[in-house]
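Asker:
Numbering (this note's numbering), first residue to last: 178 to 516.
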């Protein structure tokens with residue numbers, strides 16, 4: 178098929194009878210941010226710092242037209258298309274040039290679309306321009322048909338992961354997790370709801386009880402002395418002094434040294450007073466010489482609108498200071514190392 182394909186949230190523009198006549202900014206060079214410069218009095222000129230150049234957001238402009246047998250149908254097609262950009266969070270734009278590798282962008286609509294209308298052979302055609310912003314434009318792009326995969330890398334700065342199912346996570350440090358498309362990904366609030374118990378250091382007490390929240394992220398950092406598969410079990414102590422496992426993580430390929438584990442669960446926090454964290458090996462046994470630290474429970478929410486991607490091709494974006502990412506390991510295909 179000798180044409181350029183345009184897709185929004187995994188839906189073809191043509192499903193809405195929308196066609197692109199021109200696209201601007203999809204592969205253009207990005208505008209540099211201001212370069213820090215030093216002005217030494219004893220030297221001529223200036224000394225710019227060009228070692229760590231950063232760029233501004235990407236601006237994309239799509240000039241489009243929308244078809245319809247009459248005014249009512251054309252307007253219905255146009256509004257169904259525009260509604261894709263009115264959802265929460267950024268939206269996924271895919272451009273496939275002449276069956277080449279997919280170009281992927283996480284964008285939002287900068288301003289409302291002005292629709293002009295005209296007749297053509299008794300039908301109705303609407304003409305419009307859509308202006309999009311990609312706020313985090315430097316990225317690595319992955320591709321897979323797996324419904325479950327592992328991903329790990331190291332980054333000293335914050336990265337955003339967009340999983341292609343409408344949801345995202347923010348991560349930094351030693352990133353190591355399993356993505357399972359059977360359920361959405363959550364983004365944590367960053368506010369820890371627990372502290373170490375004043376009675377017993379093996380317990381963590383919930384000191385803030387959110388009354389209207391039901392989704393929570395449980396996480397902990399551990400240091401191990403040899404590589405080992407790990408998983409996190411969170412045990413909650415109920416108010417009647419009975420215990421219950423409230424969350425169990427996926428198995429993670431633990432590395433020698435620092436590891437971070439997390440899991441998400443739906444529960445009524447006020448039913449529990451204390452929590453025990455247990456990091457076990459893949460056989461369910463406790464691990465000797467294991468050091469725990471920085472245990473957290475945070476409220477969590479789904480960022481974006483989750484789509485069921487089971488059995489479908491997924492395009493995953495890791496956006497941020499990609500040049501600083503080290504030791505990227507994953508089972509999926511790396512489509513673009515950096516664009």
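Think of the CB as a built atom: it goes at the ideal place given N, C-alpha and C, for glycine as much as any other residue.
Report all residues from its chain with a CB closer than 7 Å to the CB of residue 363; omit the five preceding and five following residues, and keep chain order.
Answerer: Against the chain shown, residue 363 aligns to sequence position 186. So the list reads 392, 394, 441, 477, 478, 479, once near-sequence residues are dropped.
Asker: Below 8 Å, how does it come out for the segment 504-511 and the segment 312-328: are there three or more Cβ pairs, yes or no?
Answerer: In short, these stretches touch, since the Cβ pair count reaches three.
Asker: Does residue 342 pass the burial test, meaning 16 or more other C-beta atoms within 10 Å, or should it be called exposed?
Answerer: In the chain shown, the residue the question calls residue 342 occupies position 165. It counts as buried.
Asker: For residue 220, is the classification buried or exposed, using 16 other Cβ atoms within 10 angstroms of its Cβ as the cut-off for buried?
Answerer: If you number the chain shown from 1, residue 220 lands on position 43. Result: exposed.
Asker: Taking the continuous beta strand (DSSP E) assigned at residue 197, which residues delimit it?
Answerer: Within the chain shown, residue 197 is the residue found at index 20, counting from 1. Run containing residue 197: 195-201, per the beta strand (DSSP E) assignment.
Asker: Could you tell me the alpha carbon to alpha carbon distance between residue 292 and residue 206, rounded to whole angstroms?
Answerer: The count along the chain shown starts at 1 and reaches residue 292 at position 115. The count along the chain shown starts at 1 and reaches residue 206 at position 29. So the two alpha carbons sit approximately 29 Å from each other.
Asker: Could you check the C-alpha separation between residue 433 and residue 355 for me, to the nearest Å?
Answerer: By one-based count along the chain shown, residue 433 stands at place 256. By one-based count along the chain shown, residue 355 stands at place 178. Rounded to whole angstroms, residue 433 to residue 355 spans 18 Å at the Cα level.
Asker: Let's see if you can read the secondary structure: which residues bound the alpha helix (DSSP H) around residue 256?
Answerer: What you label residue 256 is simply residue 79 of the chain shown in a count that begins at 1. 248-260 is the extent of the alpha helix (DSSP H) around residue 256.
Asker: Closer than 8 Å is the cut-off here; do at least three beta carbon pairs connect the segment 212-229 with the segment 255-275?
Answerer: Verdict: no, contact absent.
Asker: Have a look at the DSSP bridge pairing and note the partners of residue 283.
Answerer: The residue labelled residue 283 in the question sits at position 106 within the chain shown. Note: residue 283 sits in a beta bridge opposite 269.
Asker: In whole angstroms, what is the alpha-carbon distance linking residue 282 and residue 444?
Answerer: As a first step, residue 282 is located in the chain shown; it is residue number 105 there, counting from the start. As a first step, residue 444 is located in the chain shown; it is residue number 267 there, counting from the start. Near 34 Å, if we compare the C-alpha coordinates of residue 444 and residue 282.
Asker: Of all the beta strand (DSSP E) runs that stay within the bounds of the segment 318-360, which reach a length of 3 or more residues?
Answerer: Runs of the beta strand (DSSP E) inside the segment 318-360: 325-339, 345-357.
Asker: So does the segment 480-489 actually touch the segment 300-316, counting three or more Cβ pairs closer than 8 Å?
Answerer: Touching, no.
Asker: Go through the segment 397-464 residue by residue and report every complete run of the beta strand (DSSP E) that reaches 3 residues or more, in order.
Answerer: You should have 405-415, 420-425, 429-431, 434-443, 449-458.
Asker: Who are residue 292's beta bridge partners in DSSP?
Answerer: Here residue 292 refers to the residue found at position 115 when the chain shown is read from its first residue. Beta-bridge pairing links residue 292 to no other residue.
Asker: On the three-pair Cβ rule with 8 Å, is the segment 379-391 touching the segment 490-501?
Answerer: Result no; under three Cβ-Cβ pairs closer than 8 Å.
Asker: Helix, strand or coil: how does DSSP classify residue 394 here?
Answerer: Working through the chain shown from its first residue, we reach residue 394 at position 217. Strand at residue 394.
Asker: When the Cα of residue 276 is compared with those of 181, 239, 513, which residue comes out closest?
Answerer: On the chain shown, position 99 is the one that residue 276 refers to. If we check each option's Cα against that of residue 276, 181 comes out closest.
Asker: Under the rule that 16 or more other beta-carbon atoms within 10 Å means buried, what is residue 470, buried or exposed?
Answerer: Position 293 of the chain shown, counted from the start, is the residue given in the question as residue 470. With fewer than 16 other Cβ atoms within 10 Å, it is exposed.
Asker: If contact is defined by three or more beta carbon pairs under 8 Å, each pair taking one atom from either stretch, is the segment 425-439 in contact with the segment 395-403?
Answerer: Enough Cβ pairs lie closer than 8 Å, so yes.
Asker: Could you please give the first and the last residue of the uninterrupted beta strand (DSSP E) stretch that includes residue 306?
Answerer: On the chain shown, residue 306 is found 129 positions in, with the first residue counted as 1. Residues 300-311.
Asker: Which residue from 360, 334, 307 puts its Cα closest to that of residue 241?
Answerer: If you number the chain shown from 1, residue 241 lands on position 64. Ranking 360, 334, 307 by Cα distance to residue 241 puts 307 first.
Asker: Using CA atoms only, rank isn't needed, just tell me which of 436, 196, 370 is closest to residue 390.
Answerer: Position 213 of the chain shown, counted from the first residue, corresponds to residue 390. For the residues 436, 196, 370, the minimum Cα distance to residue 390 belongs to 370.
Asker: Could you check what DSSP says for residue 275 in three-state terms: helix, strand or coil?
Answerer: Residue numbering aside, residue 275 sits at position 98 when the chain shown is read from its first letter. The answer is coil: DSSP assigns residue 275 none of H, G, I, E or B.
Asker: For residue 193, count neighbouring C-beta atoms within 10 Å of its own C-beta (all shown protein chains included) and say buried if the count is 16 or more, exposed if not.
Answerer: Taking the first residue of the chain shown as 1, we reach residue 193 at position 16. Flag for residue 193 reads buried.
Asker: Which of the three DSSP states is assigned to residue 216 in this structure?
Answerer: As a working mapping, residue 216 is identified with position 39 in the chain shown. Coil.
Asker: Opposite residue 238 in the DSSP bridges: which residues?
Answerer: On the chain shown, position 61 is the one that residue 238 refers to. DSSP lists 201, 308 as partners of residue 238.
Asker: What three-state label does DSSP hand residue 386 in the structure shown?
Answerer: Here residue 386 is taken as the residue at index 209 of the chain shown, counted from 1. Residue state, collapsed to three classes: coil.
Asker: For residue 215, is the classification buried or exposed, using 16 other Cβ atoms within 10 angstroms of its Cβ as the cut-off for buried?
Answerer: As a first step, residue 215 is located in the chain shown; it is residue number 38 there, counting from the start. Exposed.
Asker: Determine the burial state of residue 502: buried for a count of at least 16 other Cβ atoms within 10 Å of its Cβ, exposed for fewer.
Answerer: Taking the chain shown and counting its residues from 1, one reaches residue 502 at position 325. It counts as buried.
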